[in-house]
Structure formats: structure tokens, C-alpha cells
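Taking this note's numbering, the leading residue of the sequence shown gets 14, the next gets one more, and so forth.
For every residue, glycine included, the Cβ atom is placed at its ideal position computed from N, Cα and C.
Please read the structure below before turning to the comments.
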Amino acid sequence: MTVLLPVMHVTPLLAEEATVTPVEEKDNVIWTVRAGSFLNADTAWDTLYYLKGEGFKPVMVYLYDGQGRGWRVVQMGDYPTRSQARAAGRIFKKKTGLDYLVRSMSVELLEERTLESRKSPVPQMVTVLKPGEQPTKSGSLPLSGRELTGAPESLFYELGQRDVLLNTEQRLQNVLLARIMLRRGYVQEGLRLYAKLLRSYPGDNDLREEYVGALIDNNEIEKAESMLRRWIYLDPESPNALRLQARLRILAGDYSVQIDTLDYLLRLRPGDIDSISAKAYSNQQGGDWLGAINSFSALIDAEPDNYEARQALSSLLMERRPRLVLTPSINLQSDESVTTTLGSRFSMQLTDQTRGEFYYGNTRIYRPQQDGVEKINKDVNQAAFLFKREFTRTFTGIAGVGAFEGTASGISGALGFDWRIHDPGTFSAMIDYNNPWLDEPSAANYEGHYNQLSLTYDGFYDDEWGLFLNGQLRQYKLESDRNYGAKGIYNIILTRRILADPDLFISYSFYRSFFKYDDENYKPFEVVENESIHTLSASFSKSLCDTIIFQAAGGIRLDEFKEGPSYFGGPSLAFRLGRFELNLNYEYSSDSGLAGGGESQFLSGGVGFVF
């Protein structure tokens, strides 16, 4: 593949405002963190979008230099003081590994020179002041009536630092270009640019670390290992090299050796933040949640403002600490049947690898007597214990036992596993024995229960595409354990993320089910025998603030065995207040999915507390 690379020049930039406010007038001057200055427009905009993808809020400013050339400047912030801009610059470098320049600029110039998009017109320079000529003080005129010129270099360059900063910016632009090329799929070209940079800066271990990391990210494992072996041979105690060696251990699944490497590095350099961070995430990926909690706690002690570490620690604590959840719901059908459920779950860690859960639920099914329709008035009580054991980082075994009464009564059981077959995808299998039949109201009058085998794959790729596959086989039984029929189900869902903030997904699904009666002469109530449903849906999620999340979902269904389409949709709200969680959900469907058809409404909620 041949790729034409933009040629980037580096020249001291000069602002072009004829009425430049002296730096001493601080009330009209702001300070910015400059990420790069580019003559090539595509490179400039690619850099801006790259930084946006990293969570920053850069802007594009168009400036002229003393030779009349136009530069696109990517910068961030409008800080009132230089010290605030420098603090922001240090955060920028820590997160991206990129160098930066802190520069001042008049507020008026920033407002007039900011480009909103690639299509924004750039202002034209009218005249250029000669060296030594002072800008006129013509007042505040419209941009078209002003003379645009170069301002003193001190507006952009620290005194005595011109040459050093010039080289730094050239290196920065090439590093940015290499990153952008990798991001846009030009992998080999980006890696070659990294190799060229390393030949130019052979003593730059940060650059070497980034290059080897890029090799690892793009599966150039042999080359990365070769460079690491030589690097560690020349410098056995290099923290950069040892951290990369630990990354390779992750890919090999050898977490114990990786942790040993990081522990060795921490003995050499106690308190090394990068090593503590790597150990925290390695423990988390390796399934050592206790070690991850300890490492994240140490990282937060060293960096109290590390938001990502705080989020990771909070998620671990929320996941592993004892939790109580109440889940009330009500289902209203068009035949006037009402199903209400109040469920409660309490879960906690029993050992480092085993988590236990207790469930109790009460379900009441009521339907009044009608012509040709029998009355239903049943209460079903369920209780169960469920245990999950993490045998390896990727394999979790599941076993459960329970009991129920109110329709039929008896002992229930469950046995299965979750197996993460690759990073974005998990395969699950579950056998359920003797569960009460609750999704068909009429079954409650006939002691309905069922056994089920379920196989599921659930994966999400590149944070954009999701694939869900599910197959079920159910054996339904009625009074005195009499076989009533068997139902086969398979479901395929393909999901695409459209937006990341707010989250917007669209999905297509195909659902197929078929029911076969065990005895055609024994049908105390009707069930849907065939369904072949195509569904197109969308879901939306937006955090209104730190504590409130709004969600909405809806779509249209077409069943090949019915005349017209049906639709469904509804909103939901989630509230997170410290250790409390509250969820409210509503869904309306124009087709209930039962044999009698008709619309349905479903209201549900959840109240959770983490101890």
C-alpha cells in the first residue's frame, strides 16, 4: 500500500493581530496548551480528532507567521495564568506521552481565529508589518477592516528556548503523525515512522517504549520480543523495558510471571507509579480482585486525582462487596391478567474465588373470570441458593439449588458455566431443572413447570459491533409431572454502536420459536406454536449528571406468522447515590406474545445497596 504522507514544516509562529495587547495587560490575555502547529490541514484536523478521541477538548486556531504563511494550531484551554496552563500541560503529557508548549494569546485573537470545522473559511492576511514597525492602535474594527500581521515572537516562544522548542515540536508532530497513521489503519507505515524516529533519537527510552508498545498492539510480537531482549540485555533494570515485558506476559496468559516482574520492578524503584498502575490492571485482568483492590488503593494514595483508578476501584468494590437488591415488577396483559413479582437478592464473596447468592421471590398471578376464560388467582414463592466459582481467569462454574410452592411445588436445580473464549466474547451453558412456569398465566392453574437447556454467546467487538447468539430447549410439564410439550428457541442479535456520548445503538434481531404438544388431545390452554420475528430497534443512554442516567429503547417487530407489525418502547431512569442504586423502567408493547395476542405493559424497578 502506498500512502502519501503530508509534509510538515516547523517554523516559529507569529500572531497576526495588528492591535496586539501587551502581555502586561493580563486581563486580556489567556494561556493555552499547544499540542502542535501544522501547515498541512489534514494532519492538523487528524491531530485534533485524535485528541478528542483521547478525551480532550482541543480547538483549531488559524495564525500567520512573519512570511505570511497560514498555520493551523491545535491547542487546549483558555487559562488566566501561565501556572494553570502548565499544570494542564503536565496532565496532558502524562495521559498522552506527548510534549506540549504553553503559549499566551489575546482573548480577541482566540475568538476571531478559531476554526469550527474543516469547511470553515480562513481569514486572509491583508498586510504584513515590516520588522521594527509598530502595530497601529485603530480600536476594535471588524476583522475585514483590520490589518493582520505578525506579532512578536515572545507571544509564542519562551526566551532562550527557541531552538530546543523547535526540535521538540518537530519530534512531537512526527509522533502524532505515527499515532494517527496507526489509528487510521496504516499500520506498517506508522511503525516505519516510529523506527525512523528511534534512529533519530536512539537515547529516547520513552519513544522506544511507545514503539515497542505499538508493535505489541499490532501483533508484531516477535519483533517486539527481539527489541525487548536487546533492551533488557543492555539495561537489565530499565523500568520501561520491564513494564513492556509484563505486557507480553499478559498476552501469553502468564499473569503470575507478569506480577513477579512488576514486583521486581517495584523493589528496584519503590513507589514507581507506572509500575503500581500496571500491577493494578494486571491483577484485575488476571482475576486477582483482592490484589487489584490493594494496588488501586496504593495508586490512589500516590495520585489522589487519578480518576480512572478511582473508577476501577469503585467498580471492584461494587462488584465484590456484599450487595442487596430488591426488584419489584408488574406485567399487565390485555386479557386483564396481572402478574406482580417482588424479588430480592443478596450476594457476597464466600472465598477469594467463590461468590454466593440467595434469592427469594413472590409472584402473584391474577385474572378475573370471563366468558370462556378461567379465573387465575395464584401465589408462587421461590427460594434459591446460587454459587459461582472462578476456576481460572476465563472459566467460572455455576451451581444452584432451590425450592418453590404455590402452583406445583418441588426442588429446583441449576448447573452451568461461563467461559470467556476470547476477550470480547463469552460462551455460557446452563441446565435448569424444575422451574415454575410463570410467563404463561394460564399455566399457574395447572401446576406448570419446565426444564431447560440454554447455550449463549455474547460478544462486543472494537467497542462498536455486538453479536448475541442464544439457543434454548424447554420441556414443559403440567399436573403430576405430565409432559405437556417441548419448545425450541433460537435468537440472533446484531448490534452497532452509532454514538459513544451519548450512547446510541441500533440492533437487528431474528427470533424463532416452535412449540410441539406432547398430546394433541390434551390442550387445557393454548400456547403460541410458531414465531418467526424480525426486530429493528434502537436504544439510547445519556448521563444527565453524575447521579442520573436516562435511557430509552424501542423498535418495530414483524412476525411472519401474523398479519401486521407490532411495536414496543419505553423509557427508564437510573439513580446512583453512593452505595444506593435505583432503577425505574416502563415498556409498552402492542403485542403481548401470548396466544391471545393483545397489548401489554411492563413496569419494573430496582433498589440496590452495596454494604
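Problem set entry | Where the alpha helix (DSSP H) containing A457 begins and where it ends | Looking at the DSSP string, A457 is not in any alpha helix (DSSP H), and its letter there is neither H nor E.
Problem set entry | Boundaries of the alpha helix (DSSP H) in which V630 is found, first to last residue | Shown here, the chain extends from 14 to 624; a query on residue 630 therefore has no answer.
Problem set entry | Start-to-end residues for the alpha helix (DSSP H) that takes in G66 | A54 to G66
For this session: Can you give me the start and stop residues for the beta strand (DSSP E) that W44 sits inside?
Result: V42 to F51
For this session: Identify whether S130 lies in helix, strand or coil by the three-state DSSP scheme.
Result: coil
Exercise. Straight-line CA distance for L156 to A513?
Worked result: Note on L156: pLDDT 36, under 50, position unreliable in the model; no value is reported.
Exercise. How would you call Q297, buried or exposed, if buried means at least 16 neighbouring beta carbons within 10 angstroms?
Worked result: buried
Exercise. Cβ atoms of F523 and V541: under 8 Å apart, would you say?
Worked result: no
Exercise. Ends of the beta strand (DSSP E) at K490?
Worked result: Taken as a continuous stretch (DSSP letters only), the beta strand (DSSP E) holding K490 covers W478 to L491.
Exercise. Under a three-way DSSP split, which group does N232 fall into?
Worked result: coil
Exercise. Can you tell me where the beta strand (DSSP E) with N307 in it begins and where it stops?
Worked result: From DSSP, N307 is part of no beta strand (DSSP E) but of the alpha helix (DSSP H) over W302 to A315.
Exercise. With a cut-off of 8 Å, do at least 3 Cβ pairs link the region 569-586 to the region 594-604?
Worked result: yes
Exercise. With burial defined as no fewer than 16 other Cβ atoms inside 10 Å of the residue's Cβ, what is the status of Q88: buried or exposed?
Worked result: buried
Problem set entry | Inter-stretch contact at 8 Å, needing at least 3 Cβ pairs: the region 497-509 / the region 481-489 | yes
Exercise. From G621 to D91, what does the alpha carbon distance come to, in whole angstroms?
Worked result: 42 Å
Exercise. Exposed or buried, what is L204 when buried is set at 16 or more other beta-carbons lying within 10 Å of its beta-carbon?
Worked result: buried
For this session: Check each candidate in T109, R85 and G410 and name the one with the smallest Cα separation from Y77.
Result: R85
Exercise. Can you tell me where the alpha helix (DSSP H) with E349 in it begins and where it stops?
Worked result: In this chain, E349 is not harboured by any alpha helix (DSSP H), its DSSP state being neither H nor E.
For this session: May I have the straight-line CA-CA distance separating D549 from G567, to the nearest angstrom?
Result: Strictly speaking, residue 549 in this sequence is Leu, with Asp absent from that position. Cα-Cα distance, rounded: 9 Å.
Problem set entry | Simplified DSSP assignment, three categories, for G606 | coil
Exercise. Going straight from the alpha carbon of Y224 to that of A208, what length do you get?
Worked result: 7 Å
Problem set entry | Simplified DSSP state of T409, which is helix, strand or coil | strand
Exercise. Within 10 angstroms of its Cβ, does P449 collect 16 or more other Cβ (buried), or is it exposed?
Worked result: P449 is buried by the Cβ-count criterion.
Problem set entry | Cα-Cα separation, I389 to S441 | One Cα belongs to I389, the other to S441, and the distance between them is close to 36 Å.
Problem set entry | Local Cβ density within 10 Å of Q346, reported as buried at 16 or more and exposed below that | buried
For this session: Return helix, strand or coil for G619, following the three-state DSSP convention.
Result: strand
Exercise. Quick one: what does DSSP say K555 is sitting in, helix, strand or coil?
Worked result: strand
For this session: Confirm the yes/no value for this check: CB of K388, any heavy atom of the ligand HEM, distance under 7 Å.
Result: Ligands displayed in this structure: none; no statement on the ligand HEM is therefore possible.
Exercise. Between the region 570-577 and the region 555-562, are three or more C-beta pairs nearer than 8 Å?
Worked result: no
Problem set entry | Integer-rounded CB distance, given that I286 should sit under 8 Å from L247 | Contact flag wrong, Cβ pair sits at about 24 Å.
Exercise. Comparing alpha-carbon positions, which option in Q201, Q383 and R126 lies nearest E233?
Worked result: Q201
For this session: Give the DSSP bridge partners of F400, in chain order.
Result: G369 and A412
Exercise. K575 lies in the alpha helix (DSSP H); which residues open and close that run?
Worked result: Per DSSP, K575 belongs to no alpha helix (DSSP H) and is neither H nor E.
Exercise. With C-beta atoms as the reference, is A293 less than 8 Å away from A322?
Worked result: yes
Exercise. For R256, which residues of its own chain have a beta-carbon under 8 Å away from its beta-carbon, when the five flanking residues on both sides are left out?
Worked result: E222, L275, L278, D287, S288 and A291
Problem set entry | Backbone secondary structure at P252 - three-state DSSP | In the three-state reduction of the DSSP assignment, P252 falls in the helix class.
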